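In this note's numbering, the protein residues as written are 441 to 614.
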């Protein structure tokens, strides 16, 4: 993961990974450089789990777990198609990046927060959050990272080319 290309517009940081899920794990966090009232427009985590003995539920010995969170307009938060649209940010990114996978599962959650009382720490806001995991079909994680970067940019409202201009040249972007 350390040698993978870095996308434009994202701030990446290696963070502690959960070690109770597998003997080996690594994790990255990311957030957009672009902010809205000081809060990143999109953020997320990319976790790789490895169990040399394999796990039946994973259908293999590697598992990628991702989270993508983005701030959305209040009107969008009530759109019945939001879940499907947000899921396509990830599923299309995996396909376009050529990230071979199996056992893809996940959820899309919409969160609407309202502030009450005397504390005016934040305005009311809405977020969409994608949580997903899949088993890569090879040990090459570069396409999986590229897909996650692309999903983060899609969640932030950017075109796929924003993440990796070379993807458009390689035919990975629409």
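Heads up, the beta-carbon is just placed ideally off N, CA and C, and yes, glycines get one too. Predicted model only: the values in this text are computed from it and were never measured.
Look at the Cβ atom of residue i, then the Cβ atom of residue j, and state whether they are nearer than 8 Å.
i	j	result
residue 574	residue 541	yes
residue 526	residue 586	no
residue 522	residue 568	yes
residue 402	residue 469	Residue 402 lies beyond the stretch modelled for the chain, which goes from 441 to 614, so this question has no answer here.
residue 545	residue 572	yes
residue 482	residue 509	yes
residue 491	residue 501	yes
residue 581	residue 488	yes
residue 504	residue 576	yes
residue 474	residue 594	no
residue 467	residue 455	yes
Under a Cβ-count criterion, where at least 16 other Cβ atoms within 10 Å of its own Cβ denotes burial, should residue i be classed as buried or exposed?
i	result
residue 472	buried
residue 451	exposed
residue 511	buried
residue 579	exposed
residue 531	buried
residue 589	buried
residue 524	exposed
residue 520	exposed
residue 583	buried
residue 463	exposed
residue 480	buried
residue 539	buried
residue 458	exposed
residue 566	buried
Can you give me the start and stop residues for the beta strand (DSSP E) that residue i sits inside?
i	result
residue 541	541-553
residue 493	482-495
residue 472	464-472
Under the three-state reduction of DSSP, which class applies to residue i: helix, strand or coil?
i	result
residue 569	strand
residue 583	helix
residue 450	strand
residue 575	strand
residue 603	Low confidence applies here, because residue 603 scores a pLDDT of 47, under 50, leaving its location unreliable; read the following figure in that light. Reduced to three states, the DSSP call for residue 603 is coil.
Grab the span of the alpha helix (DSSP H) containing residue i for me, first residue to last.
i	result
residue 537	522-537
residue 504	Careful: residue 504 lies outside any alpha helix (DSSP H), inside the beta strand (DSSP E) at 500-512.
Measuring only from the beta carbon, is residue i closer than 7 Å to any heavy atom that is part of the ligand GTP?
i	result
residue 512	Absence of the ligand GTP from the depicted structure is noted, as is the absence of any ligand whatsoever, leaving it without description.
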